[in-house]
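These protein sequences, in sequence, are chains A and B. Numbers given in this note's numbering equal positions in the first sequence, counted from 1, plus 201. Numbers given in this note's numbering equal positions in the second sequence, counted from 1, plus 201. Some notes on the structure that comes next.
Protein chains: 2
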Amino acid sequence: MSETRYEIKPIGVIRSELSSREDAPRQGNEGAPDAWVEMNSAVSKGLQGMTVGCEIIVITWFHKSHRDILTLHPRGDRNRPITGVFSTRSPDRPNPLGLHQVTVLEISGNKLKVGPIEAIDGTPVVDIKPLL
Amino acid sequence: MSETRYEIKPIGVIRSELSSREDAPRQGNEGAPDAWVEMNSAVSKGLQGMTVGCEIIVITWFHKSHRDILTLHPRGDRNRPITGVFSTRSPDRPNPLGLHQVTVLEISGNKLKVGPIEAIDGTPVVDIKPLL
Numbered sequence: 202m203s204e205t206r207y208e209i210k211p212i213g214v215i216r217s218e219l220s221s222r223e224d225a226p227r228q229g230n231e232g233a234p235d236a237w238v239e240m241n242s243a244v245s246k247g248l249q250g251m252t253v254g255c256e257i258i259v260i261t262w263f264h265k266s267h268r269d270i271l272t273l274h275p276r277g278d279r280n281r282p283i284t285g286v287f288s289t290r291s292p293d294r295p296n297p298l299g300l301h302q303v304t305v306l307e308i309s310g311n312k313l314k315v316g317p318i319e320a321i322d323g324t325p326v327v328d329i330k331p332l333l
Numbered sequence: 202m203s204e205t206r207y208e209i210k211p212i213g214v215i216r217s218e219l220s221s222r223e224d225a226p227r228q229g230n231e232g233a234p235d236a237w238v239e240m241n242s243a244v245s246k247g248l249q250g251m252t253v254g255c256e257i258i259v260i261t262w263f264h265k266s267h268r269d270i271l272t273l274h275p276r277g278d279r280n281r282p283i284t285g286v287f288s289t290r291s292p293d294r295p296n297p298l299g300l301h302q303v304t305v306l307e308i309s310g311n312k313l314k315v316g317p318i319e320a321i322d323g324t325p326v327v328d329i330k331p332l333l
């Protein structure tokens with residue numbers, strides 16, 4: 202197996218009222234708020250054609266995660282059997298990528314209001330795609 | 202905007218009969234073949250609990266992509282208006298992440314047969330998650 206590494210460069214950042222992992226719901230559909238995606242001006246041209254109402258997938262980098270965890274109790278519930286991280290959506294995983302299916306609610310310059318989204322304030326955004 | 206960079210470490214690699222971007226269909230549901238995901242043995246414990254029939258999202262890193270493209274004609278079709286990359290699924294994008302919704306067809310040690318998937322042979326795999 203190659204030991205090649207790649208560099209991921211944030212394209213933007215989440216601006217949210219959620220300030221810590223402890224405050225955040227585990228999934229967007231569990232009471233998460235709306236939030237702003239503030240795009241880096243260097244890539245904001247990539248938003249061309251985005252409109253209010255679009256269903257998109259925001260890909261984040263959970264920068265506060267532990268990257269050395271391979272098995273865990275899903276949702277931190279000790280009554281659930283130990284499971285491999287690749288069968289869970291835990292933010293603690295080798296490459297802590299988060300997938301957030303959200304609706305574009307408002308567009309203002311290089312900022313998109315989206316929601317609902319469970320990512321905390323300051324979470325780097327690394328990609329945006331149309332819904333699968 | 203912070204200039205922080207993060208390091209993404211492949212967890213595995215695609216083994217496919219598709220050997221070049223020119224051969225590959227643009228989406229998995231456009232006649233793509235099945236392929237093997239060969240996991241790095243260092244992270245194969247993370248597969249615990251994965252079973253045949255699971256619907257998963259394989260996240261790849263399109264290592265042959267151009268990262269400096271922000272607008273393009275979707276699907277390379279000059280009759281389509283120029284669009285920002287974040288409204289397309291083009292592999293050419295600032296962080297060339299690919300999302301592939303596939304079914305687990307077979308499990309053999311640290312390898313998963315999945316499909317259909319349009320990623321070419323040698324494409325790094327960076328994460329696996331259960332379907333959204």
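From the three backbone atoms N, C-alpha and C, an ideal C-beta is built for every residue, glycine too.
Exercise for review: Pair every Cβ in the segment 273-280 of chain B with every Cβ in the segment 303-312 of chain A, then say whether three or more of these pairs are closer than 8 angstroms.
Suggested key: no
Point to revise | Sequence-distant residues of the same chain with beta carbon closer than 8 angstroms to G316(A), five excluded per side | key: G229, A233, P234, D235, A236, V303, T304, L306
Review point. CB-CB under 8 angstroms to P331(A), same chain, minus the five flanking residues each way: which ones, in chain order?
Key: C255, E256, I257, I258
Point to revise | Distance between I318(B) and R216(B) (C-alpha atoms, nearest Å) | key: 11 angstroms
Practice item. Could you check how far apart the C-beta atoms of G285(B) and M240(A) are, in whole angstroms? I think they sit under 8 angstroms. Key: Not a contact, Cβ separation roughly 10 angstroms.
Check your understanding: With DSSP run on the structure shown, which of helix, strand or coil describes R227(B)?
Key -> coil
Practice item. Indicate whether at least one CB of chain B lies closer than 7 angstroms to the CB of T304(A). Key: no
Check your understanding: Taking 7 angstroms as the CB-CB cut-off, is L332(A) touching chain B?
Key -> no
**Study point:** Same chain, Cβ closer than 6 angstroms to T261(B), five either side skipped, listed in chain order
**Key:** G299, A320, T324, V326
Practice item. Pull up the CB-CB distance for R206(B) and E204(A), whole angstroms please, since I reckon it's below 8 angstroms. Key: Actually they do not touch by this definition, with Cβ atoms about 18 angstroms apart.
Practice item. Find the residues of chain A that neighbour R294(B), judging by a C-beta separation of less than 7 angstroms, and give them in chain order. Key: D328
Point to revise | Same chain, Cβ closer than 8 angstroms to S220(B), neighbours up to 5 away in sequence not counted | key: I321, D322
Point to revise | Cβ pair S266(A), P292(A) closer than 7 angstroms | key: yes
Exercise for review: With DSSP as the reference, please indicate the residues paired to P325(B) in a beta bridge.
Suggested key: V214(B)
Point to revise | Same chain, Cβ closer than 8 angstroms to S242(A), neighbours up to 5 away in sequence not counted | key: N311
Practice item. For I270(B), I'd like the list of residues in its chain whose CB is within less than 8 angstroms of its CB, leaving aside the five on either flank, ordered along the chain. Key: V286, S291, D293, R294
Check your understanding: Under three-state DSSP, which class holds A233(B)?
Key -> coil
Check your understanding: Which residues, in order along the segment 206-237 of chain B, keep a beta-carbon less than 8 angstroms from a beta-carbon of chain C?
Key -> Chain labels in this structure do not include chain C; the protein chains are A and B.
Exercise for review: Counting only the same chain and skipping the five closest in sequence on each side, list residues whose C-beta sits under 8 angstroms from that of P282(B).
Suggested key: H274
**Study point:** Residues near V253(B) in its chain [Cβ-Cβ closer than 8 angstroms; skip 5 each side]
**Key:** V305, L306, E307, I308
Check your understanding: Since T284(A) meets chain B, which of its residues come closer than 8 angstroms, beta carbon to beta carbon?
Key -> Q249, G250
Check your understanding: Any beta-carbon of chain A closer than 7 angstroms to the one on S266(B)?
Key -> no
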